[in-house]
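**Student:** Start counting the sequence shown at 11; every next residue gets the next number (this note's numbering).
All C-beta atoms in this analysis are idealised placements derived from N, C-alpha and C, irrespective of residue type, glycine included.
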Amino acid sequence: MNSKEAFVFVNLGTPDAPKVSAVRRYLREFLSDPFVIDIPAVLRWILVYLIIVPFRAKKSTHAYSQIWSERGSPLRFHSEDFVSQLQAQRKETTILAMRYGKPQLFQQLKNLKQQGVKKIFLLPLYPQYALSTTETTLDVARKWQRSYGEGQVDVFYLREFYRHPAFLKSWVINIKEHISSKPVDRVLFSFHGLPVRHIKKVAKGCLENPGCCEVIRPANQLCYRMQCVQTAEALAKELGLATDQWQVSFQSRLGKDAWLEPYTDQVLPHWAKTGVKTVAVVAPSFVADCLETLEEIAIRAREDFKAAGGEELFLVPSLNSNPQWVSAVSEILDEKSLWHPL
């Protein structure tokens, strides 16, 4: 073990408690990020502080209260378990940070420098690249390095791993384990949605024709939709699913702007109305179960699907701290070619 090196795993974040005050505080921090709501600062402040948070905080608090456990936020404790098991396996300095909320990424990086760490390996826990997840995490790390670590701490990062064989294998094993005893009519690969404008900022020519995500090109390498489609296609192939047995969709849209389609909350009721009885939903843009999987899919989407005539919908749990996933990440960490200097 090299005490002068450390691995930092970053997830999105979570409120401290299922209380309106805590959720309000979290939403303000999250939605005030210009990488999340990319409009002029004054308009963003008005939108967040005067419109979204006042009307959304109570509803979001109710949603969080439905998934909160004795251990607290599922996203936090699953992430903590994952990091703890990885550290036990590798015997290296391995810590967790959150982009929003606690433990704060900026502070965690400061702590490592104070401990004498000279080299940091930063892994944002987002399989597919997006400005509002991966890039905002790297932006914080760059600001920290300019302020505290430049010339003293070397920072390397791993940008995305949507097609890494170890990541895909972990999901295939996980999916098979949960659907082998539950025959399903369809599998829906539901990814977190993004505004279309976010895609067009980083991927030129994307979303202009139906098949643009089928081929990886230099111009679309950072296209979130392409990466989601590639992940789903690889998983479907390994699972032996026929083309009419699965589909990609996008969830969690906010506001009236154009978001990636098709929408999960429209696909599922449509399936039910056309005779699909049983559905398994897989969410491969999340490596830890959270509000978007446990409440949005396992509770609300399930209720909507059954109300539309379906018989059963179940969520395939995320990778969380699954031993196969822990081993997969350990394998990824050892691939030096994947790491880039910040």
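#1: Verify whether the separation of the beta carbon atoms of glutamine 276 and tyrosine 139 is less than 8 Å.
#2: Check the C-beta distance from phenylalanine 171 over to leucine 245 and give it rounded, since I have them as a contact under 8 Å.
#3: Considering only C-alpha positions, which residue in the set Met108, Thr24, Ile183 and Pro228 is nearest to cysteine 300?
#4: Could you check what DSSP says for valine 182 in three-state terms: helix, strand or coil?
#5: How would you write the range of the alpha helix (DSSP H) that alanine 242 sits in, first residue to last?
#6: Residues bridged to lysine 129 by DSSP?
#7: Over what stretch of residues does the alpha helix (DSSP H) that includes tyrosine 74 continue unbroken?
#8: My guess is that glutamate 15 and lysine 129 are in contact by the Cβ rule of under 8 Å, so how many angstroms apart are they, rounded?
#9: Who does leucine 106 pair with in a DSSP beta bridge?
#10: DSSP three-state call for glutamine 117: helix, strand or coil?
#11: If you reduce the DSSP assignment to three classes, tell me which class proline 44 lands in.
#12: Starting from histidine 280, trace the beta strand (DSSP E) both ways and give me its first and last residue.
#13: Which runs of the beta strand (DSSP E) spanning at least 3 residues fall entirely within the region 298 to 327, listed in chain order?
#14: So, for proline 333: in the same chain, excluding its five sequence neighbours on each side, which residues have a beta-carbon less than 7 Å away from its beta-carbon?
#15: Out of curiosity, what's the CA-to-CA distance linking valine 225 and valine 20?
#16: For histidine 88, count the other beta carbons within 10 Å of its own beta carbon; 16 or more makes it buried, fewer makes it exposed. Which is it?
#17: Using DSSP's beta-bridge definition, name the partner residues of alanine 290.
#18: Is the region 25 to 42 touching the region 72 to 85, taking contact as three or more C-beta pairs under 8 Å?
#19: Short of 8 Å in beta carbon distance, which residues of its chain neighbour valine 30, apart from the five on each side in sequence? Order them along the chain.
#20: Indicate whether the contact test is met: 3 or more Cβ pairs, each with one atom in the region 308 to 322 and one in the region 280 to 298, closer than 8 Å.
#21: From the DSSP output, in three-state form, read off histidine 188 for me.
#22: Which of the three DSSP states, helix, strand or coil, is assigned to leucine 154?
#23: Can you round the beta-carbon distance between leucine 133 and valine 165 to whole angstroms, since I take them to be within the 8 Å contact cut?
#24: Determine which residues share a DSSP beta bridge with tryptophan 335 and list them.
#25: In chain order, what residues of the same chain lie with their CB nearer than 6 Å to the CB of threonine 241, ignoring the 5 residues before and after it?
#26: On the DSSP letters alone, give me the boundaries of the alpha helix (DSSP H) that tryptophan 55 sits inside.
**Tutor:** The relevant details are as follows:
#1: Taking the first residue of the sequence shown as position 1, residue 276 is located at position 266. Taking the first residue of the sequence shown as position 1, residue 139 is located at position 129. Annotated as distal: glutamine 276 and tyrosine 139, with beta-carbon spacing of 8 Å or more.
#2: Counting from 1 along the sequence shown, the entry for residue 171 is found at position 161. Counting from 1 along the sequence shown, the entry for residue 245 is found at position 235. Phenylalanine 171 to leucine 245, Cβ: 14 Å. No contact.
#3: Counted from its first residue, the sequence shown places residue 300 at position 290. Among Met108, Thr24, Ile183 and Pro228, the Cα nearest to that of cysteine 300 is on Thr24.
#4: The count along the sequence shown starts at 1 and reaches residue 182 at position 172. Helix, per DSSP.
#5: The sequence position of residue 242 within the sequence shown is 232, counting from 1. Note, alanine 242: alpha helix (DSSP H), 234 to 249.
#6: Translated into positions along the sequence shown, residue 129 becomes position 119. DSSP links lysine 129 through a beta bridge to Glu15 and Asp164.
#7: For the purposes of this step, residue 74 is identified with residue 64 of the sequence shown, where counting begins at 1. Where tyrosine 74 is concerned, the enclosing alpha helix (DSSP H) stretches over 63 to 77.
#8: To locate residue 15, count along the sequence shown from 1; it is residue 5. To locate residue 129, count along the sequence shown from 1; it is residue 119. Confirmed, about 5 Å.
#9: Locating residue 106 in the sequence shown gives position 96, where the first residue counts as 1. In the DSSP assignment, leucine 106 forms a beta bridge with Phe19.
#10: The count along the sequence shown starts at 1 and reaches residue 117 at position 107. In the three-state scheme derived from DSSP, where H, G and I count as helix and E and B as strand, glutamine 117 is classed as helix.
#11: Your numbering for residue 44 matches position 34 in the sequence shown. The three-state reading of DSSP puts proline 44 in coil, since its state is none of H, G, I, E or B.
#12: Walking along the sequence shown from the start, residue 280 turns up at place 270. Premise fails: histidine 280 lies in the alpha helix (DSSP H), 274 to 283, not in any beta strand (DSSP E).
#13: Inside the region 298 to 327, DSSP marks whole beta strand (DSSP E) runs of 3 or more residues at positions 322 to 325, from first to last along the chain.
#14: Within the sequence shown, numbered from 1, the residue matching residue 333 stands at position 323. If we look at proline 333 and ignore the five residues flanking it on each side, it has no Cβ neighbours.
#15: Counted from its first residue, the sequence shown places residue 225 at position 215. Counted from its first residue, the sequence shown places residue 20 at position 10. Roughly 29 Å separates the two Cα atoms.
#16: As a working note, residue 88 is residue 78 in the sequence shown. Buried, since its Cβ has 16 or more Cβ neighbours within 10 Å.
#17: Within the sequence shown, numbered from 1, the residue matching residue 290 stands at position 280. Per DSSP, Val197 and Phe324.
#18: Using a C-beta cut-off of 8 Å, the region 25 to 42 makes contact with the region 72 to 85, since at least three inter-stretch Cβ pairs fall below that distance.
#19: In the sequence shown, residue 30 corresponds to position 20, counting from 1. Hits under 8 Å: Ala67, Lys68 and Thr71.
#20: Contact between the region 308 to 322 and the region 280 to 298 is established, with three or more Cβ pairs separated by less than 8 Å.
#21: Here residue 188 refers to the residue found at position 178 when the sequence shown is read from its first residue. When secondary structure is reduced to three states using DSSP, histidine 188 falls in the helix class.
#22: Here residue 154 refers to the residue found at position 144 when the sequence shown is read from its first residue. This sequence places tryptophan at residue 154; leucine is not what is there. The DSSP-derived three-state label of tryptophan 154 is helix.
#23: Taking the sequence shown and counting its residues from 1, one reaches residue 133 at position 123. Taking the sequence shown and counting its residues from 1, one reaches residue 165 at position 155. Contact doesn't hold; Cβ gap of about 11 Å is too wide.
#24: The residue given as residue 335 occupies position 325 in the sequence shown. DSSP, once it has assigned bridges, lists no residue as partnering tryptophan 335.
#25: Along the sequence shown, one-based indexing puts residue 241 at 231. Taking C-beta separations shorter than 6 Å and ignoring five residues to either side along the sequence, the partners of threonine 241 in its chain run Tyr172 and Pro294, following chain order.
#26: By 1-based counting over the sequence shown, the position of residue 55 is 45. Looking at the DSSP string, the run of the alpha helix (DSSP H) that includes tryptophan 55 is 51 to 55.
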